[in-house]
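Numbering (the working numbering), first residue to last: 5 to 255. The C-beta atom is built at its ideal place from N, Cα and C for all residues, glycine as well.
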Ligand SMILES: NC(=O)c1ccc[n+]([C@@H]2O[C@H](COP(=O)([O-])OP(=O)(O)OC[C@H]3O[C@@H](n4cnc5c(N)ncnc54)[C@H](O)[C@@H]3O)[C@@H](O)[C@H]2O)c1
């Protein structure tokens, strides 16, 4: 049975652990958590939230926050593969460069989860011919930490700045940038709409001779994460443990 290590056991991480235990899909070897009580409730080996390994597993799943990904990623990739959910961290070019270097040296892989959206495989496969990618996210104002009383387009520009300004809210933009034409060419639009009841993402991609779009609307789980993501995250880990699957080969 494949061994998986978790960093973060909140909405996404906790769901992955509970589903894995129920289905015996893979072995959860450890959970790194800042909140010890929350982690211990899951009944799997607990590790305090300190950077550094060892990571004696087939895959480490990060579902904490961008700073946690930055703390652990290099040490993880020196040993094994990594499935990060806090993808906005990659908008920092120094971090991305350091990751690529260690991944190449150690022949380990970063797997990019589709997370809150669908269709990343199509973007990835079109990346050599794509000319334009736009990602528009529309959410209730509070989901962006705002208090607008009318529909407000409050950001339009490169995905890189959107990721820096809203690191907890625009992982979909980071995923599209990583799998498509990068953080500087991907155009992000962020809309706060008090009449919006769901977290909505709309990806439009254009290439010579083809264009396609993907829309996902998900109820909020209460925090930054939509209804679809925890289960999609679990199924991604399960699929990677079973057979590999889509991902980003660094070496
Ligand atoms: N890729 C996607 O499509 C996608 C979708 C939704 C959320 N996310 C991102 O995934 C991450 C997890 O989301 P969530 O809804 O499960 O969040 P959450 O707040 O429910 O859980 C995060 C957990 O990580 C723990 N944590 C925070 N910093 C830590 C650290 N340094 N070390 C160890 N544990 C730490 C917290 O105590 C918490 O239990 C967030 O960064 C979120 O923005 C990505």
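Next item on the list: For the beta strand (DSSP E) holding residue 219, just list the boundary residues, first then last.
Entry: Run containing residue 219: 214 to 222, per the beta strand (DSSP E) assignment.
Notebook entry, point to check: Do residue 115 and residue 184 come within 8 Å of each other at the CB atom, strictly closer than that value?
Noted result: No, the pair does not count as a contact, with Cβ atoms beyond the cut-off.
Notebook entry, point to check: What is the DSSP secondary structure of residue 237, counted as helix, strand or coil?
Noted result: Secondary structure at residue 237: helix, using DSSP grouped into helix, strand and coil.
Margin query: Quick test of the definition: if touching needs 3 or more C-beta pairs under 8 Å, does the segment 101 to 114 touch the segment 163 to 180?
Written below: In short, these stretches do not touch, since the Cβ pair count stays below three.
Note to self: Given this structure, state the Cα-to-Cα distance separating residue 23 from residue 89, to the nearest angstrom.
What the structure shows: Whole-angstrom Cα-Cα distance: 17 Å.
Item checked: Presumed contact (8 Å Cβ cut-off) between residue 80 and residue 48, rounded CB distance -> That belief does not hold up - the Cβ atoms of residue 80 and residue 48 are roughly 18 Å apart, past 8 Å.
Next item on the list: Flag residue 228 as yes when its Cβ comes closer than 7 Å to any non-hydrogen atom of ligand 1, and as no otherwise.
Entry: Indeed, a heavy atom of ligand 1 lies less than 7 Å from the Cβ.
Check: Is the CB-CB distance between residue 63 and residue 87 below 8 Å?
Finding: In this structure, residue 87 lies closer than 8 Å to residue 63 by Cβ.
Next item on the list: Give me the Cα-Cα distance between residue 254 and residue 135, rounded to the nearest whole angstrom.
Entry: Residue placement at residue 254 is poorly supported in this model, since its pLDDT is 44, which falls under 50; the coordinates still yield a value, given next. Their backbone Cα atoms lie some 23 Å apart in a straight line.
Checklist line | Three-state class that DSSP yields for residue 208 in the structure shown | finding: Residue 208 falls in the strand class under three-state DSSP.
Notebook entry, point to check: For residue 48, which of helix, strand or coil comes out of DSSP?
Noted result: Coil.
Item checked: Reference residue 107, options 42, 209 and 78, closest by Cα -> If we check each option's Cα against that of residue 107, 78 comes out closest.
Notebook entry, point to check: Tell me which same chain residues have a C-beta within less than 7 Å of the C-beta of residue 53, skipping the five on either side of it?
Noted result: Taken in chain order, the residues that qualify are 36, 37 and 38.
Item checked: 8 Å Cβ cutoff met for residue 10 and residue 32 -> Yes, the pair counts as a contact, with Cβ atoms nearer than the cut-off.
Check: Is it a yes or a no for the segment 147 to 159 touching the segment 116 to 126, going by three-plus beta-carbon pairs under 8 Å?
Finding: Counting Cβ pairs under 8 Å, fewer than three are found: no touch.
Check: Taking the continuous alpha helix (DSSP H) assigned at residue 34, which residues delimit it?
Finding: Where residue 34 is concerned, there is no enclosing alpha helix (DSSP H), although the beta strand (DSSP E) it sits in stretches over 31 to 37.
Next item on the list: Say yes only if the C-beta of residue 105 is nearer than 7 Å to one or more non-hydrogen atoms of ligand 1, and no if none qualify.
Entry: Look at residue 105: its beta carbon is at least 7 Å from all of the heavy atoms in ligand 1.
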